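A.B. asks:
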């Protein structure tokens with residue numbers, strides 16, 4: 001019952017001491033992720049779903065689809081809606097109630113990562129121009145927060161989409177036949193927009209922080225990129241980055257993108 | 270009256286529950302946690318506390334308090350559920366509190382609150398029952414003193430036949446007298462802490478349902494005990 005709701009000062013100092021020598025508590029290098037575990041099909045009711053564990057951090061992501069009217073400015077394109085809920089069961093720090101800023105940001109950053117990269121072929125989600133298009137709902141739930149929910153959620157969203165099948169749609173009645181999935185997948189690009197968040201702690205830059213490390217983060221940059229092409233970015237928290245530091249972050253992203261891609265590749269078929 | 274030769278859609282015997290699996294200790298951050306899978310219904314529960322009640326004006330110096338929070342995942346059902354709370358989930362919160370409270374020695378934790386969070390990952394009827402079973406395991410895992418265990422199951426009646434553990438498909442049964450849904454929670458000794466009913470049934474049949482539920486409750490109790498013995502963290 002003696003749970004730390006914040007990381008104690010003494011632990012923060014030790015983490016910094018370790019980092020100054022390039023070390024971390026769990027023995028990882030600064031640019032090294034924890035093990036990534038993926039489980040597919042965690043809800044039969046979803047069009048596609050998965051569980052992603054990065055170390056002790058765990059999220060579940062599910063895809064649901066529905067038919068509706070397109071937006072007036074994109075009459076021939078489907079829609080995407082991404083939401084994230086930080087369930088109070090996943091951390092003593094999260095409270096029940098309407099989504100607070102971190103959950104809103106989590107959903108929005110993952111949404112932009114998927115959208116701006118052109119990962120989803122929205123034209124293929126059009127049923128009848130100006131009248132009926134598919135809407136894809138990507139819903140993220142946190143199960144256990146031990147830092148780096150952002151990357152776990154983004155990776156989960158990509159894997160859930162890759163493993164989704166479009167449900168049957170009856171054009172006459174205008175109803176979606178849930179529970180009966182066609183063998184058609186959502187058309188997605190080969191270029192997966194993997195999000196990687198790099199945190200600045202003092203003079204050091206790390207990826208995939210644990211909860212305690214994340215509490216020390218002065219500022220962070222989430223980069224959604226695929227094979228060197230950056231399509232979304234978000235800098236979080238109010239601290240300065242020099243342009244040299246920004247360059248360092250970009251190099252770090254380029255360097256580890258492939259490592260992450262290799263780890264999740266087999267779930268992207 | 271229970272008719273022995275009634276054919277259930279999934280071929281189960283009338284008093285047969287779906288396949289159950291349970292796991293304790295699934296959420297490292299929580300003081301206690303558990304997963305309960307019954308057929309295609311999957312519930313997870315986490316317990317945080319006892320901890321000081323906030324806001325302070327809600328503290329009760331005579332007893333501790335139990336606070337339950339049930340949420341249905343948006344992709345746990347066929348048609349996407351809107352995330353967040355609604356009237357249904359608010360009522361279920363209270364129902365679960367009432368189902369669990371009688372066995373908890375919560376009066377020891379004055380000014381404190383115990384939070385029980387339940388999330389449904391996949392729904393195929395009986396979600397509140399699966400949630401209660403998971404929550405009971407999570408409370409035991411958290412080391413909250415309990416006088417007894419509680420075991421929950423959705424009993425029911427399809428046309429004129431009494432059955433255990435309805436699926437969604439059975440809940441939607443339309444033939445004859447249709448479907449009656451009776452979620453019941455009992456201690457392992459058969460004391461009722463929660464009962465609800467939607468449908469049509471006479472008191473003789475309901476008495477019989479309660480007897481059937483006692484038997485199912487014993488099976489659930491054994492599975493709960495086994496899961497608690499297998500805890501590693």
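Residue numbers (the working numbering), protein chains in the order written: chain Y, 1 to 269; chain W, 270 to 502. Even glycine gets a Cβ: it sits at the ideal position worked out from N, Cα and C. All figures in this text were calculated on a predicted structure; none of them were measured in a lab.
May I ask you to report which of helix, strand or coil DSSP gives residue 394(W)?
C.D. replies: Position 125 of the second chain, counted from the first residue, corresponds to residue 394(W). Three-state DSSP puts residue 394(W) in coil, outside helix and strand.
A.B. asks: Listed from N- to C-terminal order along the chain, which residues in the stretch 299-330 of chain W have their beta-carbon within a distance smaller than 8 angstroms of any beta-carbon of chain Y?
C.D. replies: 299, 300, 302, 309, 311, 313, 314, 315, 317, 318, 319 and 320
A.B. asks: For the stretch 129-145 of chain Y against the stretch 52-66 of chain Y, are there 3 or more C-beta pairs whose distance is under 8 angstroms?
C.D. replies: yes
A.B. asks: Taking residue 178(Y) as the query, report the chain W residues whose CB atoms sit under 8 angstroms from its CB, ordered along the chain.
C.D. replies: One-based indexing of the first chain puts residue 178(Y) at position 178. By Cβ distance, chain W contributes 347 and 348.
A.B. asks: Thinking residue 343(W) and residue 351(W) are a contact (beta carbons under 8 angstroms), I'd like their distance in whole angstroms, please.
C.D. replies: Residue mapping note: residue 343(W) aligns to position 74 of the second chain, counting from 1. Residue mapping note: residue 351(W) aligns to position 82 of the second chain, counting from 1. Residue 343(W) to residue 351(W), Cβ: 7 angstroms. Contact.
A.B. asks: For a contact defined as C-beta to C-beta under 8 angstroms, what are the partners of residue 154(Y) on chain W?
C.D. replies: If you number the first chain from 1, residue 154(Y) lands on position 154. Near residue 154(Y) there are no residues of chain W at all, since even the closest Cβ is about 17 angstroms away, more than 8 angstroms.
A.B. asks: Could you tell me which residues DSSP puts in a beta bridge with residue 316(W)?
C.D. replies: In the second chain, the residue the question calls residue 316(W) occupies position 47. Note: residue 316(W) sits in a beta bridge opposite 301(W) and 385(W).
A.B. asks: Residue 177(Y) to residue 82(Y), Cα distance in whole Å?
C.D. replies: The sequence position of residue 177(Y) within the first chain is 177, counting from 1. The sequence position of residue 82(Y) within the first chain is 82, counting from 1. Distance between the alpha carbons of residue 177(Y) and residue 82(Y) is about 22 angstroms.
A.B. asks: Since residue 390(W) meets chain Y, which of its residues come closer than 7 angstroms, beta carbon to beta carbon?
C.D. replies: If you number the second chain from 1, residue 390(W) lands on position 121. Neighbours of residue 390(W) on chain Y, chain order: 42, 43 and 60.
A.B. asks: Could you list which residues in chain Y have their beta carbon closer than 9 angstroms to that of residue 294(W), in chain order?
C.D. replies: To locate residue 294(W), count along the second chain from 1; it is residue 25. What residue 294(W) touches in chain Y: nothing, since even the nearest Cβ is about 11 angstroms away.
A.B. asks: Cα-Cα, which of 496(W), 487(W), 489(W) and 478(W) is closest to residue 283(W)?
C.D. replies: In the second chain, residue 283(W) corresponds to position 14, counting from 1. Of 496(W), 487(W), 489(W) and 478(W), the residue nearest in Cα terms is 478(W).
A.B. asks: Ends of the beta strand (DSSP E) at residue 492(W)?
C.D. replies: In the second chain, residue 492(W) corresponds to position 223, counting from 1. No beta strand (DSSP E) contains residue 492(W), which is instead part of the alpha helix (DSSP H) from 472-498.
A.B. asks: Under 9 angstroms between beta-carbons, which chain W residues line up against residue 37(Y)? List them in chain order, please.
C.D. replies: For the purposes of this step, residue 37(Y) is taken as the residue at position 37 of the first chain. Correct list: empty, because the minimum Cβ distance to chain W is about 13 angstroms.
A.B. asks: To the nearest angstrom, how far is the alpha carbon of residue 495(W) from that of residue 453(W)?
C.D. replies: Start at 1 with the first residue of the second chain, and residue 495(W) comes out as number 226. Start at 1 with the first residue of the second chain, and residue 453(W) comes out as number 184. Each residue's Cα considered, the two are about 22 angstroms apart.
A.B. asks: Helix, strand or coil: how does DSSP classify residue 463(W) here?
C.D. replies: Locating residue 463(W) in the second chain gives position 194, counting from the first residue. The answer is strand: DSSP assigns residue 463(W) an E or B state.
A.B. asks: Helix, strand or coil for residue 336(W) per DSSP?
C.D. replies: Within the second chain, the letter at position 67 stands for residue 336(W). Here residue 336(W) sits in strand by DSSP.
A.B. asks: Going by DSSP in three states, residue 270(W) sits in which element: helix, strand or coil?
C.D. replies: Your numbering for residue 270(W) matches position 1 in the second chain. In this predicted model, residue 270(W) has a pLDDT of only 49, less than 50, meaning its place in the structure is not dependable; the value taken from the coordinates is given anyway. In the structure shown, residue 270(W) sits in coil (DSSP, three-state: anything other than H, G, I, E or B).
A.B. asks: Mind checking the stretch 126-143 of chain Y against chain W and listing, in chain order, the residues whose C-beta falls within less than 9 angstroms of any C-beta there?
C.D. replies: Of all residues in the stretch 126-143 of chain Y, 137, 139, 141 and 143 have a Cβ within less than 9 angstroms of some Cβ in chain W.
A.B. asks: Measure the C-alpha to C-alpha separation of residue 1(Y) and residue 471(W) and round it to an integer number of angstroms.
C.D. replies: Locating residue 1(Y) in the first chain gives position 1, where the first residue counts as 1. Locating residue 471(W) in the second chain gives position 202, where the first residue counts as 1. Residue placement at residue 1(Y) is poorly supported in this model, since its pLDDT is 40, which falls under 50; the coordinates still yield a value, given next. For residue 1(Y) and residue 471(W), the distance between alpha carbons rounds to 48 angstroms.
A.B. asks: Beta-carbon of residue 271(W) versus every beta-carbon of chain Y: anything under 9 angstroms?
C.D. replies: The count along the second chain starts at 1 and reaches residue 271(W) at position 2. Residue confidence is low: residue 271(W) scores 49 on pLDDT, short of 50, so the model does not pin down where it sits. No coordinate-derived value is stated.
A.B. asks: Excluding the 5 residues flanking residue 69(Y) on each side, which residues of the same chain have their C-beta closer than 6 angstroms to its C-beta?
C.D. replies: Against the first chain, residue 69(Y) aligns to sequence position 69. Excluding sequence neighbours, residue 69(Y) sits near nothing in its chain.
A.B. asks: So, with DSSP's three-state summary, where would you put residue 328(W)?
C.D. replies: Your numbering for residue 328(W) matches position 59 in the second chain. Residue 328(W): coil per DSSP, three-state reduction.
A.B. asks: Using a Cβ cut-off of 8 angstroms, pull out every chain W residue sitting near residue 83(Y), in sequence order please.
C.D. replies: Position 83 of the first chain, counted from the start, is the residue given in the question as residue 83(Y). Per Cβ cutoff of 8 angstroms: 343 and 352.
A.B. asks: So, using beta-carbon positions, are residue 320(W) and residue 304(W) closer together than 9 angstroms?
C.D. replies: Residue numbering aside, residue 320(W) sits at position 51 when the second chain is read from its first letter. Residue numbering aside, residue 304(W) sits at position 35 when the second chain is read from its first letter. No, the pair does not count as a contact, with Cβ atoms beyond the cut-off.
A.B. asks: What is the DSSP secondary structure of residue 220(Y), reduced to helix, strand or coil?
C.D. replies: Here residue 220(Y) refers to the residue found at position 220 of the first chain. Strand at residue 220(Y).
A.B. asks: Among all the DSSP beta bridges, which residues are the ones paired with residue 51(Y)?
C.D. replies: Counted from its first residue, the first chain places residue 51(Y) at position 51. DSSP output for residue 51(Y) lists 39(Y) and 60(Y) as bridge partner(s).
A.B. asks: Spell out the partners DSSP gives residue 234(Y) in its beta bridges.
C.D. replies: Here the question's residue 234(Y) lines up with position 234 in the first chain. Per DSSP, 222(Y).
A.B. asks: Rounded to whole angstroms, what's the CA-CA distance from residue 463(W) to residue 245(Y)? Just pull it up for me.
C.D. replies: Start at 1 with the first residue of the second chain, and residue 463(W) comes out as number 194. Start at 1 with the first residue of the first chain, and residue 245(Y) comes out as number 245. So the alpha carbons of these two residues sit roughly 60 angstroms apart.
A.B. asks: Counting C-beta neighbours from all protein chains within 10 Å, is the total for residue 396(W) 16 or more, i.e. buried, or is it exposed?
C.D. replies: In the second chain, residue 396(W) corresponds to position 127, counting from 1. Its Cβ being crowded by 16 or more others within 10 Å, residue 396(W) is buried.
A.B. asks: Mind pulling the chain Y residues with CB within less than 8 angstroms of residue 332(W)?
C.D. replies: Reading the second chain from its first residue, position 63 is the one you call residue 332(W). Taking a Cβ-Cβ threshold of 8 angstroms, none of the residues of chain Y is close to residue 332(W); the smallest such distance is about 18 angstroms.
A.B. asks: Identify every residue that forms a DSSP beta bridge with residue 419(W).
C.D. replies: On the second chain, position 150 is the one that residue 419(W) refers to. Its beta-bridge partners are 456(W).
A.B. asks: Which residues in chain Y have a C-beta closer than 8 angstroms to the C-beta of residue 297(W)? List them in chain order.
C.D. replies: Residue 297(W) sits at position 28 when you count from the first residue of the second chain. Residues of chain Y passing the Cβ test: 56, 144 and 146.
A.B. asks: Can you round the beta-carbon distance between residue 387(W) and residue 333(W) to whole angstroms, since I take them to be within the 8 angstroms contact cut?
C.D. replies: Along the second chain, one-based indexing puts residue 387(W) at 118. Along the second chain, one-based indexing puts residue 333(W) at 64. Not a contact, Cβ separation roughly 19 angstroms.
A.B. asks: So which residues of chain Y does residue 338(W) contact, with C-beta pairs closer than 7 angstroms?
C.D. replies: Against the second chain, residue 338(W) aligns to sequence position 69. The contacting residues are 88 and 96.
A.B. asks: Does any CB atom of chain W fall closer than 9 angstroms to the CB of residue 1(Y)?
C.D. replies: Residue numbering aside, residue 1(Y) sits at position 1 when the first chain is read from its first letter. Unreliable positioning characterises residue 1(Y) in this predicted model, as indicated by a pLDDT of 40, which lies under 50. The coordinate reading is nonetheless provided below. Chain W contact via Cβ: present.
A.B. asks: Which residues in the same chain as residue 270(W) place their Cβ atom closer than 6 angstroms to its Cβ, once the five residues preceding and following it in sequence are excluded?
C.D. replies: Locating residue 270(W) in the second chain gives position 1, counting from the first residue. Because residue 270(W) carries a pLDDT of 49, less than 50, the predicted location of this residue cannot be relied on, and the following value inherits that uncertainty. Result list for residue 270(W): empty, nothing under 6 angstroms.
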